[in-house]
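Residue numbers (my numbering): 303 to 921. All C-beta atoms, glycine included, are put in the ideal place defined by N, C-alpha and C.
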């Protein structure tokens with residue numbers, strides 16, 4: 303009897319507990335369903351129409367407008383309105399619409415299928431206008447607007463496109479493209495169909511240029527049709543325009559640089575030494591930036607992408623080259639600092655009979671440092687390199703030699719070589735290469751290498767690799783006698799004014815500058831010297847496995863109070879004095895004098911085609 307009593311109580315307790323659980327589950331379900339319902343109801347009642355913020359403008363250093371906005375229009379379609387129209391027995395005339403848009407009926411069907419495919423069209427809703435066709439021109443819009451009443455469900459969304467005042471600077475300025483699903487997931491600011499910077503300055507300063515989009519809240523009726531503004535627009539948010547950017551570029555110099563590179567593969571980088579401001583950064587092949595705007599983008603992007611000459615590669619920042627004889631100036635400075643040589647050191651040269659590195663120039667012997675720079679004497683710089691690295695002997699396990707090599711490498715790196723600058727706003731920078739001692743240990747064994755093994759490094763070949771922008775920065779260090787400001791493109795960003803000191807004492811620069819001045823006055827560059835202007839420079843020629851040597855030059859001007867430092871690399875063009883040097887001199891003249899007086903030389907350099915595969919996409 304007692305057991306039955308406890309058994310009944312247990313059953314009652316279990317029933318009560320079960321009822322409590324059911325109540326809680328029911329309440330949770332109610333709340334969830336209510337929230338979902340209210341969410342759907344709100345989607346049905348309101349349409350939040352974006353108002354796109356005008357993107358910031360881009361200017362050159364002299365206030366010339368480079369990039370601006372022009373109006374464009376997207377054709378939008380609301381699927382529910384189309385479906386309701388069809389259910390009412392009055393479907394739209396799709397053939398007439400296709401005729402107005404200049405598309406086939408199959409293209410119309412394909413686009414509709416894409417819009418409704420949630421796997422491809424991220425965030426699809428039948429109540430929300432979807433992009434049917436983007437970037438209609440003002441002319442297309444005007445024609446379509448006259449007939450739009452015939453096509454219920456289709457509306458026009460105002461947008462802007464980038465436009466360019468000059469057919470240059472594509473690699474520097476960059477472009478904008480439609481955001482991906484990944485970008486939307488990463489940044490909640492973006493919605494499907496938005497545009498963002500994809501490279502260059504447009505990407506680097508995306509958050510500055512894009513501004514803040516606004517929105518217009520519109521009311522829908524029970525069939526999803528727009529009925530007007532919610533609360534007369536009281537809760538609408540106006541867009542905030544993006545900020546403008548003044549670049550460090552000189553657009554006239556940029557255009558001249560790109561003209562001189564026509565028919566060639568290579569790059570030109572010019573920097574103001576005292577500030578690190580990039581005056582010009584040209585890479586060829588290139589393209590007119592207007593080709594990747596609007597509906598032209600889908601046509602030209604795959605063509606440029608499949609071009610065998612790789613126009614999308616910015617060789618100024620991403621092309622890796624042996625610096626050749628331009629490196630001898632840095633070699634001299636580092637070896638002076640480490641005590642391997644003095645300004646009065648002389649070494650013998652036997653010309654083509656010199657060993658282990660022959661000389662390619664005819665001059666007297668022995669030669670001093672200034673003469674060696676002027677004549678680009680290979681044996682001098684090989685001996686300079688050897689005496690510096692081996693000045694303490696080798697030591698057990700070559701450790702003394704390796705320690706000297708490590709110090710040499712660190713001093714070379716201090717000129718901005720071998721790594722990409724974290725404090726620069728330049729897009730697409732590459733590291734370059736100056737091998738570590740540990741890397742040579744892996745290649746040759748810990749006791750298997752010495753100066754002779756890596757002798758090519760002494761004349762800027764071997765394992766030494768640099769980008770043209772690194773070369774321009776290195777010669778800016780020489781111009782400044784020991785420091786550089788990180789190269790940058792935004793003239794108004796104070797965060798970019800970062801000064802870096804090279805690990806070479808100021809006292810060592812005079813003798814190297816004198817040698818570089820002699821190069822332009824009496825040496826390999828004297829044929830193109832500018833009247834009444836003291837230019838300091840160095841030509842370079844680098845062997846490669848793909849044809850003729852690369853032609854290289856770097857220098858600065860004037861000698862006193864330098865205003866421009868420049869590096870030029872022309873692939874497969876022969877000696878540095880043949881193409882890189884005259885092109886650099888023309889750019890220097892243009893920047894300092896605002897005109898080019900050597901018209902014949904300019905025309906010859908401009909029209910000279912060294913690679914017939916290079917297409918003129920920039921005109």
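Residue i - DSSP class collapsed to helix/strand/coil
i           : result
residue 539 : strand
residue 627 : helix
residue 369 : strand
residue 350 : strand
residue 854 : strand
residue 904 : helix
residue 619 : helix
residue 730 : coil
residue 464 : strand
residue 759 : helix
residue 389 : helix
residue 655 : helix
residue 515 : coil
residue 340 : Its pLDDT being 46, under 50, residue 340 is placed unreliably in this model, and the coordinates cannot settle the point.
residue 792 : strand
residue 741 : helix
residue 548 : strand
residue 895 : helix
residue 703 : helix
residue 639 : helix
Residues near residue i in its chain [Cβ-Cβ closer than 7 Å; skip 5 each side]
i           : result
residue 366 : 553
residue 613 : 587, 588, 589, 606 and 919
residue 351 : 517, 518 and 520
residue 784 : 803, 804, 806, 808 and 811
residue 515 : 352, 353, 354, 355 and 541
residue 955 : Any property of residue 955 remains undetermined from this structure, which presents the chain solely from 303 to 921.
residue 676 : 817, 820, 821, 824 and 825
residue 672 : 813, 816, 817 and 820
Supposed close pair residue i, residue j - CB separation, criterion 8 Å
i           : j           : result
residue 908 : residue 556 : At roughly 15 Å, the Cβ-Cβ gap does not stay under 8 Å, so residue 908 and residue 556 are not in contact.
residue 871 : residue 770 : 5 Å
residue 841 : residue 827 : 6 Å
residue 355 : residue 541 : 4 Å
residue 634 : residue 814 : 5 Å
residue 403 : residue 378 : The Cβ separation is near 13 Å, so there is no contact.
residue 651 : residue 560 : So it is not a contact: roughly 40 Å between Cβ atoms.
residue 466 : residue 615 : Not really, about 21 Å apart at Cβ, beyond 8 Å.
residue 724 : residue 791 : Not confirmed; about 15 Å, so no contact.
residue 503 : residue 474 : 7 Å
residue 463 : residue 437 : 6 Å
residue 888 : residue 900 : 7 Å
residue 461 : residue 361 : Not a contact, Cβ separation roughly 23 Å.
Beta-ladder partner(s) of residue i, from DSSP
i           : result
residue 435 : 377
residue 865 : Looking at the DSSP assignment, residue 865 forms no beta bridge with any residue, so it has no partner.
residue 569 : 585 and 871
residue 785 : 803
residue 457 : 378
residue 680 : Residue 680 is not bridged to any residue.
residue 859 : 866
residue 735 : 767
residue 814 : Per DSSP, none; premise fails for residue 814.
residue 394 : Its beta-bridge partners do not exist; DSSP assigns none.
Contact set for residue i: own chain, Cβ-Cβ below 6 Å, skip 5 residues either direction
i           : result
residue 571 : 583, 618, 770, 771, 774 and 869
residue 486 : 492
residue 893 : 555 and 866
Contacts around residue i, its chain only, beta-carbon distance under 8 Å, and the 5 residues preceding and following it disregarded
i           : result
residue 703 : 691, 692, 694, 695, 696, 697, 752 and 753
residue 757 : 658, 659, 684, 687, 688 and 764
residue 700 : 748, 749, 751 and 752
residue 762 : 624, 625, 626, 627, 628, 629, 630, 633, 842 and 844
residue 407 : 396, 397 and 400
Chain D contact for residue i (CB, 7 Å cutoff)
i           : result
residue 358 : Among the chains of the structure shown, chain D does not appear; only one protein chain is present.
At least 3 beta-carbon pairs within less than 8 Å: the segment 580-596 vs the segment 547-558: yes
Inter-stretch contact at 8 Å, needing at least 3 Cβ pairs: the segment 806-821 / the segment 600-611: no
The segment 717-727 contacting the segment 671-684, beta-carbon criterion three pairs below 8 Å: no
At least three beta-carbon pairs within less than 8 Å, the segment 372-392 to the segment 444-463: yes
Touching by the beta-carbon criterion (3+ pairs, under 8 Å), the segment 658-672 and the segment 703-717: no
Three-pair Cβ contact test at 8 Å for the segment 725-734 versus the segment 590-601: no
Contact the segment 735-744 vs the segment 761-768: 3+ CB pairs below 8 Å: yes
Cβ pair count under 8 Å reaching 3, the segment 839-856 against the segment 882-902: yes
Cβ pair count under 8 Å reaching 3, the segment 497-516 against the segment 476-486: yes
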